């Protein structure tokens with residue numbers, strides 16, 4: 001039966017040079033970050049962690065893009081929803097849970113920053129802050145440094161569509177354009193900047209249109225299609241490595257959850273909007289594709305889900321019981337010691 | 001020893017550090033081919049090439065932000081703000097990013113970056129080419145703020161700033177650029193960040209100052225000597241974090257303290273210096289701590305008469321010193 005079905009469906013991932021193992025691992029990562037996210041909301045509502053920033057709905061965009069990069073030489077300047085990006089670069093469920101519980105062992109910040117403020121030198125992820133879009137010029141600087149050092153690295157910087165209004169987006173993109181630097185500007189357009197919809201943020205049709213002003217290509221892609229996102233990001237990375245400069249990618253996404261655990265999106269979203277968008281759930285879509293091409297079956301799916309659940313259970317238990325930083329640690333790491 | 005100007009000292013520091021360490025590079029507006037609007041980077045473009053002496057687009061936040069990314073990577077950028085007055089668009093990058101990189105990453109990342117900015121009045125620069133903006137950066141743990149007043153200190157401190165593992169804001173007084181000359185050793189040396197320096201030994205009053213006004217105080221001290229009073233003069237050199245020990249020591253020495261700076265008084269660095277003295281040695285004082293500063297107006301007017309009114313000078317400093325000496 002499998003044979004007759006697979007023959008009718010185009011195998012997109014092979015065309016992109018991705019093996020069956022790779023796409024399965026992409027699927028597993030998507031599911032992992034979704035389930036971590038779901039778990040953190042439960043922990044928040046149970047009063048165990050103070051704050052959650054969600055990636056739900058954006059997993060395909062994040063994981064598709066990150067798989068197109070080289071985690072052994074490229075650098076990330078992610079934004080606060082990018083659990084899917086950082087997990088591909090090596091961060092684990094345990095790391096993310098340690099961050100959610102603000103534990104001493106949290107590799108992002110040792111419990112100093114809110115969750116979603118990713119960073120880790122060993123993962124090649126530059127530490128980020130809360131004022132949005134400040135990471136854009138940093139990515140340009142990392143790319144410039146790589147060039148000065150004769151490296152063929154690419155830097156990947158992501159941000160929301162609201163953030164693309166910030167001066168730092170413009171200043172950074174323009175700088176990269178002028179100096180033809182190997183940067184991928186990756187906008188995860190989830191249609192809302194907290195409560196303010198796209199129509200009140202931006203007057204152009206697509207964030208990708210903005211690239212015209214910087215002299216490099218701008219591409220808009222369906223952010224719920226992990227393979228399409230992989231494809232355009234891989235092209236951007238190849239261009240960058242060939243010395244042809246930056247690319248702006250807009251991944252059209254949707255945010256399933258409120259902005260944060262402190263937000264109530266019922267006050268500004270039309271009723272039924274989320275339910276409608278969930279019909280395009282990127283994980284369901286990819287699951288469906290993988291089954292159609294015969295890479296995933298019920299047994300394998302169960303196996304992955306079991307692994308993911310176990311991973312998150314263990315991570316949660318570990319992080320919950322992990323020690324907080326010592327109070328006096330507040331005074332450390334202001335200057336070099 | 002060779003006698004050079006303050007701006008030559010800055011130029012030499014950059015040149016020598018760039019020759020010593022491939023990781024040092026310069027970026028900013030007009031710093032390349034033109035050699036900077038004040039010529040601070042003159043000759044560097046020819047010597048080290050376009051890649052390491054980089055003319056950037058006119059966008060201060062990007063200059064700071066790109067430098068932060070490069071510094072986090074491990075390079076040693078020297079970013080130039082053309083005038084300190086134009087640093088404002090870069091404040092978010094300096095305060096939220098550079099200054100907090102080490103702390104927020106629990107010591108994982110750091111930002112060995114120098115931001116040079118010409119500041120101060122007395123150059124017919126009007127409101128937006130004359131400001132002293134240092135005080136607003138002197139409340140930011142993670143950042144170091146340096147203001148040399150002599151060629152010796154300018155060179156030695158800039159070399160230290162370039163080698164520092166943390167971000168350093170390096171304010172250069174524009175009036176000092178060509179007005180101030182001084183001896184600089186022919187061999188390599190550094191001046192430590194975080195250490196104030198006694199520029200004149202004295203017994204009767206203490207003047208604590210930095211930048212251009214140090215020179216006014218030195219001139220005034222010569223005049224005061226003729227009145228029979230000797231002034232002890234401390235040059236802060238680093239404004240953040242302050243060298244508390246040297247401040248208290250200098251205050252104790254004479255028991256009479258005058259703090260002088262061109263920046264306006266309220267919220268200026270002088271208030272913090274006075275606070276340290278009050279906390280540490282109030283009962284050893286023989287007079288209230290006095291401050292002589294720029295007036296609390298938004299900035300220096302362009303009109304020459306008004307600028308003269310705004311700016312301190314050796315006479316104004318002498319008057320304040322003489323009053324305190326006679327207290």
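Chains as they are written, first to last, in UniProt numbering: chain A, 1 to 337; chain B, 1 to 327. All C-beta atoms in this analysis are idealised placements derived from N, C-alpha and C, irrespective of residue type, glycine included. On a predicted model such as this, the values are computed, not experimentally measured, just so you know.
With a beta-carbon spacing of about 19 Å, residue 172(A) and residue 51(B) fall beyond the 8 Å limit used to define contacts.
Rounded to whole angstroms, the separation of the alpha carbons of residue 54(A) and residue 84(A) is 10 Å. Of all residues in the region 110-126 of chain A, only 110, 111, 112, 113, 117, 119, 120, 121, 122, 126 place a beta-carbon less than 9 Å from a beta-carbon of chain B. Cβ-Cβ distances below 7 Å link residue 268(B) to 135, 261, 293 in the same chain, with the five nearest sequence neighbours on each side left out; the list follows chain order.
In this model, residue 90(B) and residue 65(B) are separated by some 8 Å (Cα to Cα). Contact between residue 74(A) and residue 175(A) fails: their C-beta atoms lie close to 19 Å from each other, not under 8 Å.
Within chain B, 57, 59, 61, 62, 65 have C-beta atoms less than 8 Å from the C-beta of residue 171(A), given in sequence order.
Considering only 41(B), 295(B), 218(B), the residue with the shortest C-alpha distance to residue 81(B) is 41(B). Using beta-carbon distances, residue 107(B) counts as an interface residue toward chain A, with a partner under 8 Å. The three-state reading of DSSP puts residue 252(A) in strand, counting E and B together.
Here residue 254(B) carries a helix assignment [DSSP, helix/strand/coil]. By the Cβ criterion, the region 181-193 of chain B is in contact with the region 145-163 of chain B, since at least three pairs of Cβ atoms, one from each stretch, lie closer than 8 Å. Within chain A, 334 have C-beta atoms less than 8 Å from the C-beta of residue 141(B), given in sequence order. A check of alpha carbon separations from residue 1(B) across 315(B), 22(B), 187(B), 54(B) identifies 187(B) as the nearest. In the three-state reduction of the DSSP assignment, residue 156(B) falls in the helix class, which pools H, G and I.
Our two residues, residue 209(A) and residue 252(A), have alpha carbons roughly 13 Å apart in a direct line.
Taking every protein chain shown into account, the CB of residue 246(B) has 16 or more other CB atoms within 10 angstroms, so this residue is buried. Unbroken beta strand (DSSP E) runs of no fewer than 3 residues, entirely contained in the region 195-232 of chain A, are found at 218-222, following chain order.
Think of a sphere of 7 Å around the beta carbon of residue 165(B): the chain A residues whose beta carbon falls inside it are 336, in chain order. The region 61-68 of chain A makes contact with the region 231-242 of chain A: 3 or more CB pairs, one atom from each, lie closer than 8 Å. DSSP links residue 232(B) through a beta bridge to 206(B). No Cβ-Cβ contact shorter than 8 Å links residue 132(A) with residue 237(A). With the criterion set as a beta carbon lying under 8 Å from some beta carbon of chain A, the members of the region 82-114 of chain B are 89, 92, 93, 96, 97, 100, 101, 102, 103, 104, 105, 106, 107, 108, 109, 110, in sequence order. Per DSSP, the unbroken beta strand (DSSP E) holding residue 76(B) starts and ends at 76-80. Residues of the region 157-169 of chain A with a C-beta atom less than 8 Å from some C-beta of chain B are 167, 168, listed in chain order. Chain B has a Cβ within less than 8 Å of the Cβ of residue 141(A).
Only 51 from the region 26-52 of chain B bring a Cβ to less than 7 Å from some Cβ of chain A. Taking a Cβ-Cβ threshold of 7 Å, the residues of chain A close to residue 75(B) are 145, 148, in chain order.
For residue 178(A), the neighbours in chain B by C-beta distance under 7 Å run, in chain order, 57.
The Cβ-Cβ distance between residue 248(B) and residue 193(B) does not fall below 8 Å. Counting other Cβ atoms within 10 Å of its Cβ, residue 109(B) reaches 16 or more and is therefore classed as buried. Around the beta-carbon of residue 106(A), 16 or more other beta-carbon atoms lie within 10 Å, marking it buried. For the C-beta of residue 68(B), the chain A residues within less than 8 Å are, from N- to C-terminus, 137, 138, 141. A direct Cα-to-Cα measurement between residue 317(A) and residue 77(A) gives close to 29 Å. DSSP places residue 52(A) in the coil class of the three-state scheme, outside both helix and strand. Residue 2(B) carries a strand assignment under DSSP once its states are collapsed to helix, strand and coil.
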